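K.L.:
Under the numbering used here, think of the first position of the sequence shown as 426, with each following residue one higher.
Take this structure first; my questions come after.
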Amino acid sequence: MITLLITSQAFDNNSKIPKRYTCDGEDVNPPLEIEGIPKEAKSLVLIVDDPDAPMGTWEHWNVWNIPIKNKIEENTVPGIEGINDFGKHCYGGPCPPYGVHRYFFKIYALDKEISIPVHSRKKEIEKAMTNHIIAKGELIGLYSR
C-alpha cells in the first residue's frame with residue numbers, strides 16, 4: 426500500500442485545530458494538501474472522524490469521488506458529501522463535549538470512482554472502497570473546548 430502525505434497549512438499533525446475550523450468558530454473545513462497520489466488513481470475519498478467521542482466514533486465529514494488534485498481548499502465541497510453524524514451533508518467541525526479529542530483526516534486514493542447513494546455514511550463508503558484503495562494517508566488534529 427502506498428502512503429499518501431496529507432498536511433494542512435492550518436495545523437500540524439498531532440496539534441491543535443484552530444477555532445475557525447470548529448463549531449466554536451466558522452465551522453469551515455481546513456485547507457488540505459495531498460502528496461504522493463499514484464498516477465493510476467481515479468478518485469479520492471476523505472473521511473474525517475473522532476474516535477474519542479463518548480458514544481463511539483463520530484463522523485464529521487464523508488466525501489467521495491473527489492477529482493485527483495493535490496489540494497482541498499478551505500471552505501469548499503471537493504466531491505460528493507455523504508451524511509455525517511450531525512445528520513447533514515457537509516463538513517461538521519470539531520465540537521467535543523469535554524476533554525481533548527483527536528480528529529482523523531483520512532485520505533484514500535482509489536483506482537475508480539465509487540457509485541453509492543448520496544445519503545451514504547462512512548460504513549457504505551468503506552464497503553464501496555473495498556479492494557479499490559491504492560494509497561492512503563492520515564492527518565490528526567486535536568481540539569478541546
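For every residue, glycine included, the Cβ atom is placed at its ideal position computed from N, Cα and C.
Bear in mind the structure is a predicted one, so any value in this text is a computation, not a measurement.
(1) Checking 8 Å against the spacing of the C-beta atoms, do His526 and Asp452 come in under that value?
(2) On the premise that Ile491 lies in contact with Val470, defined as a C-beta separation below 8 Å, what is that separation, rounded to the nearest angstrom?
(3) Alpha carbon to alpha carbon, how far is Ile431 from Gly562? Give it in angstroms, no decimals.
(4) Step through the CB atoms of chain D and report whether any lies within less than 8 Å of the CB of Ser468.
(5) If we call anything under 8 Å between Cβ atoms a contact, is Lys444 one with Gly450?
(6) To the nearest angstrom, how far is it from the Cα of Glu484 to the Cα of Cys448?
(7) I'd like to check one pair, Ala553 with Leu429: are the Cβ atoms closer than 8 Å?
(8) Three-state secondary structure (DSSP) at Lys552?
(9) Taking C-alpha atoms, which residue in Lys537, Tyr568, Ile493 lies nearest to Ile462?
(10) Cβ of Pro455 within 8 Å of Cβ of Glu506?
(11) For the beta strand (DSSP E) containing Ser468, list its first residue and its last residue.
(12) Name the residue from Phe511, Gln434, Ile565, Ile532 whose alpha carbon lies nearest to the alpha carbon of Glu551.
(13) Which residue wins for smallest C-alpha separation from Pro479, given the options Tyr523, Arg570, Pro519?
P.N.:
With the structure as the only source:
(1) Against a cut-off of 8 Å, the Cβ pair of Asp452 and His526 comes out as no contact.
(2) Sure, about 7 Å apart at Cβ, within 8 Å.
(3) Approximately 6 Å, taken between the alpha carbons.
(4) No chain D is part of this structure, which consists of one protein chain only.
(5) Against a cut-off of 8 Å, the Cβ pair of Gly450 and Lys444 comes out as a contact.
(6) Using only the alpha carbons, I get a separation of about 14 Å.
(7) In this structure, Ala553 does not lie closer than 8 Å to Leu429 by Cβ.
(8) Reduced to three states, the DSSP call for Lys552 is helix.
(9) Ranking the options by Cα distance to Ile462, first place goes to Ile493.
(10) Glu506 sits away from Pro455, with the two beta carbons spaced by 8 Å or more.
(11) Run containing Ser468: 468-475, per the beta strand (DSSP E) assignment.
(12) Comparing alpha-carbon positions, the option among Phe511, Gln434, Ile565, Ile532 lying closest to Glu551 turns out to be Ile532.
(13) The shortest C-alpha separation from Pro479 is found at Tyr523.
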